[in-house]
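Counting from 1 along the sequence shown, just add 17 to a position and that's the residue number in this note's numbering.
Ideal Cβ positions, reconstructed from N, Cα and C, are used throughout, including at glycine.
Just so you know, these numbers come straight off a predicted model, no measurement behind them.
To start, the structure under review is shown below, and the notes come after it.
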Amino acid sequence: MKTLESFFPRLNTKQLALLGLLTALLIILSRFTFGPDTLKFGFSFIAAALIGKWYGPIWGMFVAFISDFLSNLSSAYAYFPGFAFSAIVGALIYGVGFYQHKQLSLMRILIVTGLVIIIVNLFLNTVWVATLQNLWNNPNALKTVFTARLIKQLVFLPIETGLLYLILNNPSLERMRAEVFNN
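Below is the structure:
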């Protein structure tokens, strides 16, 4: 019989405290978004990528769901589970792509970021926005929203890749990770 520990690797006190801080950072960064509802951008991907790199896909998906739910509690919008699913898929991609890699190449970060942008931001989130704004009955509006989101994602791919490369390979963060994870 499988236990909870087989799905969630056991964390010591330091690791759990750091995960809590990164979860809080993820929630805070998700509150600071810019742009209209169809073209929002922000910096929560940084915390999600750090969690994926340090804790892996299982903890990353758990934190993504919890942080999406908690950040929505203080939101003016009604809860929509589609965006929680998007956050979970993004955390899975970051976790699978970055976990247990101390040094990440620019190509690996570009591929992982590209997958998140295509699968989550461009496909899933566009479906959720179209559903919430009832765009399925208006092909022209749907095409316009998709085109605008595609252009935005093409602009942000190199920006997100560059930021993640600088942050995920930062020597100070790597020393902190080594101290917390004892390796």
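Reduced DSSP category for residue i - H, G, I as helix; E, B as strand; rest coil
i: Phe58; result: strand
i: Phe51; result: strand
i: Asn147; result: Before going on, a small fix: residue 147 reads as Ala here, not Asn. In this structure, Ala147 counts as helix in the three-state DSSP scheme.
i: Ser91; result: coil
i: Pro26; result: coil
i: Tyr116; result: coil
i: Gly72; result: Here residue 72 turns out to be Tyr, not Gly, going by the sequence shown. It is helical.
i: Ser122; result: coil
i: Tyr96; result: coil
i: Met18; result: The predicted position of Met18 is uncertain, since its pLDDT is 44 and thus under 50; no value can be drawn from it.
i: Leu207; result: Any answer about residue 207 is impossible in this case: the structure gives the chain only from 18 up to 200.
Of the residues the options, the one placed nearest residue i, counting alpha carbons only
i: Arg194; options: Trp71, Phe115, Arg48; result: Trp71
i: Ala101; options: Ser91, Leu87, Ala93; result: Leu87
i: Leu43; options: Asn187, Gly99, Ile83; result: Ile83
i: Ser91; options: Arg48, Pro156, Phe173; result: Arg48
i: Phe58; options: Leu185, Val197, Leu167, Asn186; result: Leu167
i: Ile75; options: Leu123, Gln170, Leu28, Phe173; result: Leu28
i: Val137; options: Leu127, Gly73, Ile105; result: Ile105
i: Lys169; options: Thr30, Gly107, Gly52; result: Gly52
i: Gly77; options: Phe140, Gly107, Tyr94; result: Gly107
i: Thr143; options: Thr50, Phe25, Lys31, Ser103; result: Ser103
Span of the alpha helix (DSSP H) around residue i
i: Phe13; result: What is shown of the chain runs 18 to 200, which leaves residue 13 out entirely.
i: Val133; result: Unbroken run through Val133: none, as it is neither H nor E.
i: Phe198; result: 188–198
Distance cut-off 7 Å: residue i Cβ against heavy atoms of the ligand NAD
i: Thr50; result: Within the structure as shown, the ligand NAD is missing, as the structure has no ligands at all.
Problem set entry | Inter-stretch contact (C-beta, 8 Å, three-pair minimum) for the stretch 157–165 and the stretch 130–138 | Note that the stretch 157–165 does not touch the stretch 130–138; fewer than 3 beta-carbon pairs, one per stretch, sit closer than 8 Å.
For this session: Inspect the CB distances between the stretch 142–150 and the stretch 108–124 and report whether three or more fall short of 8 Å.
Result: Taking a contact to require three or more Cβ pairs closer than 8 Å, the stretch 142–150 and the stretch 108–124 do not qualify as touching.
Exercise. Touch check for the stretch 60–71 and the stretch 22–42: three-plus C-beta pairs under 8 Å?
Worked result: Taking 8 Å as the limit for Cβ pairs, the verdict is that the stretch 22–42 does touch the stretch 60–71.
Problem set entry | Cβ pair count under 8 Å reaching 3, the stretch 177–184 against the stretch 115–127 | Segments in contact, yes.
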